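So the structure is just underneath, and the comments pick up after that.
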Amino acid sequence: MRTWLRKQITRLEDLTHHPDPDLDDFEYCSEVIREAADRAAGEGNTDFYREHRFAHAMEPRDALAILRSLLHAISAGDEPEYLTVDQAAARPQVSRDTIYDQINNGSLKHTKVGRIIRIRLADLDHIQSQDDGW
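Just so we're aligned, residue 16 is where the sequence shown starts under the numbering used here, counting upward by one.
This is the structure we're talking about:
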């Protein structure tokens, strides 16, 4: 389950491929929820922070339910905040190579964790709106 949670958070993997939760991993789930609450507070979402900052005091099943709803909310949004390289290339209908070229020459901002690259939708929209375009 820990591997799946990490993948969910870093890659936003499809929720249909999740294992049944093991309550032995409760402390790890609580830690993930606390981190998400702290991150939400840093982004101005104080309601979420107040509601979830005491994840360590919850029952394991409650924490797992919150974690599931968090992951579902992350993956079910209408417009993702971050896109994969393939998703970014599909929006303006350009090749992956074009996206990589824009990343490598510094024109397109991105986030990289290990080998995984994510591009903010706002950054992609910004580069598309520039006069020189692609």
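Glycine is no exception: its CB is placed at the ideal position from the N, C-alpha and C atoms.
The model shown is predicted, which means the values in this text are computed figures rather than measured ones.
In the three-state scheme derived from DSSP, where H, G and I count as helix and E and B as strand, Val109 is classed as coil. Put simply, of His125, Val128, Ser144 the residue whose alpha carbon is nearest the alpha carbon of Pro107 is Ser144. Taking C-beta atoms under 8 Å as the contact rule, Arg133 and Tyr97 qualify, at a distance of about 4 Å. Taking the CA atoms as reference points, Thr99 sits about 16 Å from His141. In this structure, His125 lies near Asp138, with their beta-carbon atoms less than 9 Å apart. Going by C-alpha positions, Gln117 is about 18 Å away from Val128. In terms of Cα proximity to Asp101, the closest of Arg135, Gly121, Glu46 is Arg135. Excluding residues up to 5 positions away in sequence, Val100, Ala103, Ala104, Leu123, Ile134 lie with their Cβ nearer than 8 Å to the Cβ of Ile114 in the same chain.
Secondary structure of Leu98 (DSSP, three-state): strand. If you ignore the 5 residues before and after Gly121, its C-beta comes within less than 7 Å of no other C-beta in its own chain. Beta-bridge analysis with DSSP links Arg133 to Thr126. Between the C-alpha atoms of Val109 and Asn119 there is a straight-line separation of about 16 Å.
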